[in-house]
Every structure is written in structure tokens, then in C-alpha cells.
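To start, the structure under review is shown below, and the notes come after it.
Numbering (full-length UniProt numbering), first residue to last: 1 to 284.
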């Protein structure tokens, strides 16, 4: 049987980022918080907190926190709590910027902890038990999870007119793509490579600015820093005004799925319903 006061101390340290801040939130001394976490580590035989600034959970610590949050979520089915449980889910940045927030705003009685990760990799967080649900490009279903198809998020390759005139004055081919700077969200982002390889008919090694912001990605395109694939819903007005130009005839449609832990199906039902409704309004 777990000591849930110790688990709560562990979760609060990670959520607030320090033992001092956890002490203030829990209303106990800092030494009491440290003692609870230390005793839990001794019982588990593993380090649970990386004592950095801010404090971070180890893999074992993250699993224990996920367990605590699941228990709290399940308990809300039995009786309302004065302290809303934390619901940790994985969301890709483009979905967050285009359609997810209206869905989250519809769900009451929880506090969201959003993990921003690429849709091609978020399923891994769910497999490791680090999140209760994930918006992913992995149809699955992952073992122990339910999978719901949400639709397809369409991406359009875009660039500013000046950028097109400079780098693609005649045609887009492997030579011009090698010369033209691209945009990349992070090291996991392969959309530009996929599109360029499709156009060139061969694998492409692109030179890219790395910009980890959906809104920044669009702004970089508008300012002529590079070309990149943006969600159509975000650049539609810019394409209509001529501030951006569409590159090539081929969009990329990324299928999205909501995968969530089956054991949490009942408490997650309001979120699942809200996600499906919000996705229907935006996704193909």
C-alpha cells in the first residue's frame, strides 16, 4: 500500500519545481516534504526526484505520479473533490494552436498538464504510462488503450512571395530545395523532409531553421526566413491575401487519433467527447 501523503509530496515537488514551493502549497515544513520524499525513495529503492532547478522526476518518479493522478481521477467518479485532479495528456503543438483549446475549455473539474510533443512520437508517452491520453498519428490501438479517429490535419507548403522569387524563380526541384532554407519545428519534425522527398523523388537533406513554435513558424514564413509546412487553417487568410504563396500541388494530410487509457474511460469520457466535437469543426 502506497503512502499517498508521500506520493502527494512527490507530485507537488515536481509540479511546483522545488521542495520550498511544495512546502508552501502543502502547508507543511520543507523538512517534512523532504522526509516524505526521501522515505518514499527508500521504500522504492530508487531515486524519484532529480534535485535540479526546477526539480524533475526520474522515470520511476513519473510513473508514481501518474499512478497518483489516475487514482485521484477515478475517485472523482465516486465523489467530487475540493482539489481538482491533474490530467496529464500529450498534445502536438499544431493541434494545440488550431483546435484543442476549445475542447479543453469545455471540460470542468480537472487541471490539465499538457505535454507538447510531435504527433508521431506522443504515443510513446502513453505506452510508458507518463500520460493518460495522447493526440497521436499512431492509429494503434496501444495496448490497454482506446483509439478514436479525429480526422486529418492538412498541411500546406508555404513561403513568402519574395522568398519564392529568390529561391524558386523557375521551378521547385532537388537543386532549388537544397539551396533554399527550410523551417523545422524540432529534431522530430519530418514533415518538410517528407514533402521535399515527394517533390524531388529522392531523399533530401534540407538546411533548416529550427523554430519550436507553431505561431513562430507562420511568422518566419511571412518574413521570408524559409519555407515550411503550416496547418492550412492557420495560413488560409495569408494565402488569400497573397502574403504567402502555396508551394507545389501536394498538401500533406496527417491523420490524428485520440488514444487514452481504457481503465480511465469513464472519467475521460467528457474530454473524449469534447475532443471529437472540436476536431470535427476543424479537421478533414
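Even glycine gets a Cβ: it sits at the ideal position worked out from N, Cα and C.
Worksheet item: Does DSSP put residue 228 in a helix, a strand or coil?
Response: Numbered from 1 along the chain shown, position 228 holds the residue referred to as residue 228. Three-state result, residue 228: strand.
Worksheet entry | Of the residues 41, 250, 235, 147, the one placed nearest residue 196, counting alpha carbons only | In the chain shown, the residue the question calls residue 196 occupies position 196. Nearest option by C-alpha distance: 250.
Item to complete: Tell whether a beta-carbon distance below 8 angstroms holds between residue 191 and residue 155.
Response: Here residue 191 refers to the residue found at position 191 of the chain shown. Here residue 155 refers to the residue found at position 155 of the chain shown. Cβ atoms of residue 191 and residue 155: closer than 8 angstroms.
Worksheet item: Out of 113, 272, 260, 157, which has the shortest C-alpha to C-alpha gap to residue 127?
Response: Numbered from 1 along the chain shown, position 127 holds the residue referred to as residue 127. The candidate whose alpha carbon is nearest that of residue 127 is 260.
Worksheet entry | Residue range of the unbroken beta strand (DSSP E) whose run includes residue 216 | Taking the first residue of the chain shown as position 1, residue 216 is located at position 216. From DSSP, residue 216 is part of no beta strand (DSSP E) but of the alpha helix (DSSP H) over 214–222.
Worksheet item: In the DSSP assignment, what residue or residues form a beta bridge with residue 209?
Response: Here residue 209 corresponds to residue number 209 of the chain shown, with the count starting at 1. Answer is 183, bridged to residue 209.
Practice prompt. Would you tell me roughly how many angstroms separate the C-alpha atoms of residue 300 and residue 139, rounded to the nearest one?
Written response: The requested residue 300 does not occur in the structure, where the chain is confined to residues 1 to 284.
Practice prompt. Provide the residue(s) that pair with residue 56 in DSSP beta bridges, ordered along the chain.
Written response: Translated into positions along the chain shown, residue 56 becomes position 56. Answer is 50.
Worksheet item: Just reading off the beta strand (DSSP E) that residue 255 is part of, what are its end residues?
Response: Along the chain shown, one-based indexing puts residue 255 at 255. First-last of the beta strand (DSSP E) with residue 255: 252–261.
Item to complete: Could you have a look at residue 178 and say whether DSSP puts it in helix, strand or coil?
Response: Residue numbering aside, residue 178 sits at position 178 when the chain shown is read from its first letter. Here residue 178 sits in helix by DSSP.
Practice prompt. Output yes or no for whether 8 angstroms exceeds the beta carbon distance between residue 10 and residue 61.
Written response: Here residue 10 corresponds to residue number 10 of the chain shown, with the count starting at 1. Here residue 61 corresponds to residue number 61 of the chain shown, with the count starting at 1. Against a cut-off of 8 angstroms, the Cβ pair of residue 61 and residue 10 comes out as a contact.
Discussion item. If I follow the unbroken alpha helix (DSSP H) through residue 193, where does it start and stop?
Written reply: As a position in the chain shown, residue 193 is number 193, starting the count at 1. That run of the alpha helix (DSSP H) goes 191–200.
Item to complete: Please work out which residues of its chain come closer than 7 angstroms, Cβ to Cβ, to residue 64, disregarding the five sequence neighbours upstream and downstream, and give them in chain order.
Response: For the purposes of this step, residue 64 is taken as residue 64 along the chain shown, with counting starting at 1. So the qualifying residues of the chain are 7, 10, 48.
Discussion item. Let me confirm a value: residue 257 is counted as buried when at least 16 other C-beta atoms fall within 10 Å, else exposed. Which label applies?
Written reply: To locate residue 257, count along the chain shown from 1; it is residue 257. Residue 257 should be labelled buried.
Worksheet item: Just to confirm, are residue 40 and residue 264 a CB contact at a threshold of 8 angstroms?
Response: As a first step, residue 40 must be located in the chain shown, where it is residue number 40. As a first step, residue 264 must be located in the chain shown, where it is residue number 264. The answer is no: Cβ separation not under 8 angstroms.
Discussion item. For residue 247 and residue 157, which I take to be in contact (beta-carbon distance under 8 angstroms), what is that distance rounded to the nearest angstrom?
Written reply: Along the chain shown, read from residue 1 onward, the residue named residue 247 stands at position 247. Along the chain shown, read from residue 1 onward, the residue named residue 157 stands at position 157. That belief holds up - the Cβ atoms of residue 247 and residue 157 are roughly 4 angstroms apart, short of 8 angstroms.
Discussion item. Rounded to the nearest angstrom, what separates residue 267 and residue 150 at their Cα positions?
Written reply: Taking the chain shown and counting its residues from 1, the one referred to as residue 267 is at position 267. Taking the chain shown and counting its residues from 1, the one referred to as residue 150 is at position 150. Taking the straight line joining both Cα atoms gives about 19 angstroms.
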